[in-house]
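Residue numbers (the working numbering): 1487 to 1601.
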């Protein structure tokens, strides 16, 4: 799992989390009218097929990571903590997870709960 070895939040990791929970992406290419360069834009679709306004910052934003946990474990318990250079999380009776940040640890805990 990429998240376990991550040292920092990253948009590529946010995308990996989204895909793990059923999101899909579509890359659109268009030519910039001024520069003539090809510009790639990634459009994300939630698991139910609706277009997402924006990919959440699961690995960088604590609220987004918490919202992810609430989406998949709304009536359950859990916790996050942080100390110098790492974070940890646990959902329900699952394992304690340590990662580079509490946000990343919470994402891992959610994915472990799902699999």
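For each residue, glycine too, the CB sits at the ideal point set by N, CA and C.
- Annotated three-state conformation of residue 1501 is helix, per DSSP.
- Every beta strand (DSSP E) of 3 residues or more that sits fully in the stretch 1534-1573 is shown, in chain order, as 1564-1569.
- In summary, residue 1573 is buried, with 16 or more beta-carbon neighbours lying within 10 Å of its beta-carbon over all protein chains present.
- Residue 1575 carries a strand assignment under DSSP once its states are collapsed to helix, strand and coil.
- Under the three-pair Cβ rule at 8 Å, the stretch 1543-1556 counts as touching the stretch 1586-1594.
- Collapsing the DSSP output to three states places residue 1510 in a strand.
- In this structure, 1575 is the residue among 1575, 1560 and 1561 with its C-alpha nearest to the C-alpha of residue 1567.
- Where residue 1492 is concerned, there is no enclosing alpha helix (DSSP H), because DSSP gives it neither an H nor an E.
- Per the coordinates, the alpha-carbon of residue 1492 lies some 14 Å from the alpha-carbon of residue 1595.
- Restricting attention to 1488, 1525 and 1501, the CA atom closest to the CA of residue 1515 is found in 1525.
- Residue 1527 and residue 1541 have their alpha carbons spaced roughly 12 Å apart.
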